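Chains as they are written, first to last, in my numbering: chain A, 1 to 739; chain B, 740 to 1012; chain C, 1013 to 1265.
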Amino acid sequence: MAQRLMRGTRRMRLAFAILSPLFLVLCVVAIRSEETRPWMQYQAEYRDLFVQRVTAKLHAAEAQQDAKEVARWKRIAEEAASAPSEVAQVYLADLNVADRCMTCHRGIENPLLADAPQPFRTHPGDALKHHPASTFGCTPCHQGEGLATTVDGAHRRDADATAPLLPAAYVQATCARCHEVTHGLAGAATITRGAGLFMEKGCYGCHDAPGIAYRPKFAPPIAPLAEKLRDLRPFVYAWIKEPTHVSADTMMPNFSLDEEAARKITAFIASLPHEHRCEPVDLGNATAEDGEHLFVERGCAGCHAVKVDDHSVAPRVPNLAGIASKVKPEWLDHWISDPKAYNPDAAMPKIELTQDERHAVVKYLMTLKRAEPLPDAPASAQGDAEEGKQLVKRYECFGCHAIPGFETTRPAVPNLEEFARKPVADLDFATTTDVPRTKWDWLDRKLREPRAYVTDSIKLFMPKQGMSDDERQALITYVLGLERPALPARYARPASDADRARREAAWMVAHFNCNGCHRVDERDARLAKVVERRNMVPPTLEGVGARLQGQYLYQFLREPKQIRPWLKIRMPLFGFTEPQAQALVDGLAAAGGARNPHTFVAKADIDAEHFQRGVRRFKHFKCVQCHPTSVDQGLPPDVDPEDLSINLTLAKTRLRPEWIRDFLARPKQMMGAQTRMPTVFYTVDGEPKVEKPVDDIADITTYLMGMTEPPEVTLQAQAEEREKVQEKEKAVDWSTMQY
Amino acid sequence: MASLPTDRPAAAAGVAATARVARVGAAITSSQLYRSIFRHNWTDSARNRALEVTSNAFLHLHPITIPRHAIRVCYTFCLGGLTFFLFLVETVTGVLLMFYYRPVPDFAYVDMKTLEHAVQFGMVLRNLHRWGAHLMVILVMLHMLRVFLTGSYRPPREFNWVVGVSLLVLTLLLSFTGYLLPWDQLAFWAVTVGTNMAAATPFVGAEGPFHSLVGVTARDDVRYLLLGDVQVGGNALLRFYVLHCVAFPLAAAFLMLVHFWRVRKDGGISRPL
Amino acid sequence: MLDADHTTESTRATAPAAADAQWELPPGDVVPVFPYLVFLEFLAALLVSVVLLAWALGVNAPLLPEANPGYTENPAKAPWYFVGLQELLVYFDPWIAGVTIPTVIILGLMAIPYLDTSRDAVGRYTFSARRLAIGHFLFGFALWWLLIAVGQFLRGPNWQFFWPWQTWKAANGVESGLWSFPWWIGLPALVGYFAGGWLFARRRWPWLYAGLGRGRYAIVMLLVLTMYAVPLKVLLRLVLGVKYVLETPWLNV
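As structure tokens, this is what we get:
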């Protein structure tokens, strides 16, 4: 035995000499990686950035020699520089959420960093004001992994992650987790728009979604087409094959049918029985010129375009260019006389027209012919109709159209709520390789190319609906928002009746195309682009709920009557049901921040002294010069009804007193500078113009609300005043007026 | 005391510093405290080498000498010893992990994430534990293969082979019970698959053959015993945790004692008998 | 003051030279455990530590999304060491694949030293002396790893088979056209397999029967034949589409 045996053999020493430094190096690596975690680097960067911003503020304060500010910024600078490096965390026990996002996103509540690079930038908007991070954390809205402190871990970038970080474009999806209804919610415009588009694009025809009970069929009934169309087969064939080739703006989606399928479906539709309702019509001596005039004057042009390159108020409203080649005159006459008689789900209202007027309109429309006739449909073969029925069943046309034989069938399509809950791993991306593995990218591709995920074994039948990029974004946000995980009660914001009414009203305003004649949501009435004189356009719907008494609006919707003598156009009869009218009234009120029912101003509430004072003030300010009290007896020959304003005797039952007060005080601010209403009590800048403006306004309002008989009319004074005003304001855009 | 002999070579004459170090060293090694711990000196002698083994609590399982061929690395590959070493690694890292882990569904996953992202060395600790466990399973199987190939289960070592197989089973059970604890989808469904097999046990599993003869249902069969429920849930998590951290390690330690002791008693490290 | 009387070791330490000279290794071709074995053990542990630490620093342990009983992972795989058994679920009913086979494996392993009681060829690697034992054992061992490899790497959603270069979404059709032996074939086939194997081995290796004796031979044959029955059944299933060899109202094999 060698003496130095205790030192082991040479080979042992060699192995030790190699392994022990290796082990040491690995230990050092382990320690180093603990000390250089990414979030620590971010915090160091943030500290520098913050100190730099504070120092700039400090210098500015020093330049201004503001000692107090200097001291304050100095203190903040010290605090910023000495802030410890630590993992920041918001813990919400009831959500089992621990969000450490602010470990790197240090500046989200720091207004100094509004333009800083990410991850340090201040949270945009005022979302944090209503949802402080300390109460709501980050991941409840943004998703992602709050517990993680690495970029990839926190943003859940791995492909099969559940709830990966929502991109900013779709982040509003999570608003719906707490807010049952997002209508009217600040900062939730995208998802609200998505909810609206879901209805307006007719998605609801096939897909169920929460909060949507029965809705009218999105599209016209199929059975009576034979009586409607001049030449059914060529039209239907062309229409189902390439809808946009027939009518560029149509909402009829493209099912990518091949010739054979289109031919069979055409055969099936041609074979449908229908009941005969349209009597032949004799247009007699009606002239197209009269018709064209009426078409604009009575507001048809508010909704319908008549030129190929023009657009109707909404894609769902047919562009009437080429209508004469499409439909039969007797059907058109029947349809205009009462749309609901032909299609109970029709959105088109019934317009008050005499028979002659109607015939004139039909005559006019019959001049609108297609430039090129549609080609003939291929001849149908034996058995086509029966096979066509199977195709209709497969493509589920009955989702939007009423079709005999499918009256009670609901389309068997994916439930979108279930879809929203699905993890990404469960989505079938088929053979696509360029779609990022996220739910929103899946949806985006699906909406762009509904057949993108078709494989040999999986057939898809969803049609392609044209839409813009931001419409698609809104729809995707809405669908993502259908995932509603169970949350503790304190987060839930269940919809009030007013919220639901507001959602309903928004749908009705879109569905009934109010925007054709009224200004809605900062969109001018379509009619305003058509008529020569814009004061012929009906009033705006913006704020209408806060302006009108609920009871009045309700009655008006159900049974419109003349308010503005100078307008030829009348509110048509939409045939609102009671609940519909109620929802519209409540919804419009909620949108204007008002509440229904409105309190009736009873006689007992009216102080006689104030009332009398109101009468005197009313006369003093010569209100009746512009506001007629009655036009029942006709107007003097020199008075153009266009120059009159609203009949104030109606104010008592029509207007809300708080609105009257607001309006009297600030007419220009409330309705824009164009209003003819003079500033009587205050200047535009809010300086009082009279001795006691508050009292005057209150008294006049009291008078208007308590008026029992029309005030005396002095047409002479009225005429004088009118001339002056006319000189000043020739062209007033009445479509934007809140009168 | 100062005159006690020391084993250190005498410092070179004239180098005062070295001499001082030597004196200090001598003072330490001759102190009562030192000698109460280390019972012999370090002179490189056959006797000391023997003492090194016999007087050391941790080494005394070894004999003093072994056959020359047994230390060839390519004979045992140290597989048994390394399995034991990994058991120690698992114990140490496991105890540390227990500080950060609560076996409750509400917390388990959160604690895993916290361990990964907010605990110093948490991720390394978890990785060591996880990969160590995999390595241990592999090594224990290879160890068995080695013992079989060298015929080392043959008499008189029959019983130690049985103990070894039991340790193999325990290793698998340790790993399997630990698999559930992260409480992620992988854990949940792996354990669901594993324990569903228990439900197929003949006679005592609710889905196995002849279960109706015994009359077991899903609520009183062997899977229910394992999970404390009809499916994997909070009870299963707690059961697996206790088994993983207490019951199985104790059982394994107990069997290891028997195993090692038997190695010595049944003819020492494997060699031709 | 000496603590000489505490232990014999400490006493000896005080008289080194003489004692060391007298102390010798026992006879035989042996080496001292210290340092030869102890150092080796230390180095092995160090090597494993280095490997393990590098592994732990390089690869993070997986952590999927939080457990969700409402959403089934597809495929849901057992831990890798049990995946072999899960793989057998394709070919056997759960009570066989999940319970009976592992039980037989464990009991069979434990029984090995009581069946192979020879004292030859101990403590060395030898194939020539134990051709049969090592051959069968290696076959079983390899089968175990093969099943694990197939289950771990070649199985996708719904436990369908995919080569590594295939994408998981290919959605192969469900295996259809499976059939079972009628009992009047299955029962004789099963009995014939075991009896035939029993007789074949006895004719082929007469010394085996002679050495083991009737009882041990029967148990060995049962275990070995059971082991081979597993890949045989797999082949029957894959090649002929056989679902069960024996169908009875109580259990299916």
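Beta carbons: idealized from backbone N, C-alpha and C, even for Gly.
These numbers come from a predicted model, not from an experiment.
Expressed to the nearest angstrom, what Euclidean distance is found between the alpha-carbon atoms of residue i and residue j?
{"i": "Gly1007 (chain B)", "j": "Arg896 (chain B)", "result": "10 Å"}
{"i": "Val971 (chain B)", "j": "Trp1195 (chain C)", "result": "38 Å"}
{"i": "Met6 (chain A)", "j": "Asp783 (chain B)", "result": "6 Å"}
{"i": "Leu655 (chain A)", "j": "Asp290 (chain A)", "result": "37 Å"}
{"i": "His802 (chain B)", "j": "Gly871 (chain B)", "result": "A small fix is needed here, since residue 802 (chain B) is Pro in this sequence, not His. Approximately 29 Å, taken between the alpha carbons."}
{"i": "Ala749 (chain B)", "j": "Ala761 (chain B)", "result": "Here the model assigns Ala749 (chain B) a pLDDT of 45, short of 50, so the residue's position is not dependable, and the following value carries that caveat. Those two C-alpha atoms are separated by around 8 Å."}
{"i": "Val886 (chain B)", "j": "Leu1055 (chain C)", "result": "22 Å"}
{"i": "His183 (chain A)", "j": "Cys400 (chain A)", "result": "25 Å"}
{"i": "Gly146 (chain A)", "j": "Cys101 (chain A)", "result": "6 Å"}
{"i": "Glu829 (chain B)", "j": "Val424 (chain A)", "result": "36 Å"}
{"i": "Pro1091 (chain C)", "j": "Leu92 (chain A)", "result": "34 Å"}
{"i": "Ala81 (chain A)", "j": "His142 (chain A)", "result": "30 Å"}
Along chain C, which residues have their Cβ under 8 Å away from the Cβ of residue i?
{"i": "Val29 (chain A)", "result": "Leu1069"}
If you measure from the beta carbon of residue i to each beta carbon in chain A, is any gap under 8 Å?
{"i": "Phe737 (chain B)", "result": "The shown model of chain B, from 740 to 1012, leaves out residue 737 (chain B), and the question about it has no answer."}
{"i": "Lys1004 (chain B)", "result": "no"}
{"i": "Tyr1126 (chain C)", "result": "no"}
{"i": "Pro1077 (chain C)", "result": "yes"}
{"i": "Thr815 (chain B)", "result": "no"}
{"i": "Ala926 (chain B)", "result": "no"}
{"i": "Met740 (chain B)", "result": "Here the model assigns Met740 (chain B) a pLDDT of 37, short of 50, so the residue's position is not dependable and the matter cannot be decided."}
{"i": "His882 (chain B)", "result": "no"}
Measuring only between beta-carbons, confirm whether residue i sits less than 8 Å from chain F.
{"i": "Asp783 (chain B)", "result": "Protein chains A, B and C are contained in the structure displayed, whereas chain F is not."}
Run through DSSP, which three-state label would residue i get?
{"i": "Arg421 (chain A)", "result": "helix"}
{"i": "Ala98 (chain A)", "result": "strand"}
{"i": "Lys57 (chain A)", "result": "helix"}
{"i": "His183 (chain A)", "result": "coil"}
{"i": "Asn1264 (chain C)", "result": "strand"}
{"i": "Thr806 (chain B)", "result": "The question names Thr, yet the displayed sequence has Pro at residue 806 (chain B). Pro806 (chain B) falls in the strand class under three-state DSSP."}
{"i": "Trp1217 (chain C)", "result": "coil"}
{"i": "Pro741 (chain A)", "result": "As displayed, chain A neither begins before 1 nor continues past 739, which places residue 741 (chain A) out of reach and without an answer."}
{"i": "Glu289 (chain A)", "result": "helix"}
Determine whether the Cβ of residue i lies closer than 8 Å to any Cβ atom of chain C.
{"i": "Pro423 (chain A)", "result": "yes"}
{"i": "Leu19 (chain A)", "result": "yes"}
{"i": "Phe16 (chain A)", "result": "yes"}
{"i": "Arg807 (chain B)", "result": "yes"}
{"i": "His1014 (chain B)", "result": "This structure does not reach residue 1014 (chain B), given that chain B is present from 740 up to 1012, and the question cannot be answered."}
Just to make sure I have the definition right: I need the residues of chain B whose C-beta is within less than 9 Å of the C-beta of residue i. Which are they?
{"i": "Met12 (chain A)", "result": "Here the premise fails: no neighbours, minimum Cβ distance about 11 Å."}
Nearest chain B C-beta to residue i closer than 8 Å, yes or no?
{"i": "Lys1255 (chain C)", "result": "no"}
{"i": "Ala1161 (chain C)", "result": "no"}
Please list, in chain order, the chain B residues whose beta carbon lies closer than 7 Å to that of residue i.
{"i": "Ala98 (chain A)", "result": "Val849"}
What in chain B is Cβ-close to residue i, meaning under 8 Å?
{"i": "Phe1104 (chain C)", "result": "What Phe1104 (chain C) touches in chain B: nothing, since even the nearest Cβ is about 10 Å away."}
Taking C-beta pairs closer than 8 Å, name the residues in chain A that residue i reaches, listed in chain order.
{"i": "Thr853 (chain B)", "result": "Ala98 and Leu147"}
Please list the partners that residue i has in chain C, where partner means a Cβ-to-Cβ separation under 9 Å.
{"i": "Leu427 (chain A)", "result": "Neighbours of Leu427 (chain A) on chain C: none; closest Cβ ~10 Å, over 9 Å."}
So with CB distances below 7 Å, who are the chain A contacts of residue i?
{"i": "Val863 (chain B)", "result": "Ala30"}
Which chain C residues are close to residue i, counting only those with a beta carbon under 7 Å from its beta carbon?
{"i": "Pro988 (chain B)", "result": "In chain order: nothing, as chain C lies at least about 18 Å away."}
{"i": "Phe949 (chain B)", "result": "Trp1262"}
What are the residues in the region 1163–1176 of chain C lying within 8 Å of chain B by C-beta distance? Against chain B - using a Cβ distance shorter than 8 Å - the region 1163–1176 of chain C contributes no residues.
Residues, ordered as in the chain, of the region 1197–1229 of chain C that lie near chain B by beta-carbon distance below 7 Å: Correct list: empty, as no residue qualifies.
Got a sec: which bits of the region 1056–1068 of chain C sit with their beta carbon under 7 Å from any beta carbon on chain A, in order along the chain? Of all residues in the region 1056–1068 of chain C, Leu1058, Leu1059, Ser1061, Val1062, Leu1065 and Ala1066 have a Cβ within less than 7 Å of some Cβ in chain A.
Which residues, in chain order, does the region 931–943 of chain B contribute to contact with chain C at a C-beta distance below 9 Å? Within the region 931–943 of chain B, the qualifying residues are Thr931, Val932, Gly933, Asn935, Met936, Ala937, Ala938, Ala939, Thr940 and Pro941.
So if I threshold CB-CB distances at 8 Å, which residues from the region 140–167 of chain A count as touching chain B? Per Cβ criterion, the list reads Glu145, Leu147, Ala148, Thr149, Thr150 and Gly153.
Please list, in chain order, the residues of the region 829–849 of chain B that have any C-beta partner in chain A closer than 7 Å. So the list reads Asp845 and Val849, given in the order they occur along the chain.
For the region 33–48 of chain A, which residues have a beta carbon sitting closer than 7 Å to at least one beta carbon of chain B? Under the 7 Å Cβ criterion, the region 33–48 of chain A contributes Glu34.
Please list the residues of the region 68–91 of chain A that have a C-beta atom closer than 9 Å to any C-beta atom in chain B, keeping them in chain order. Residues passing the 9 Å Cβ filter: Val87 and Gln89.
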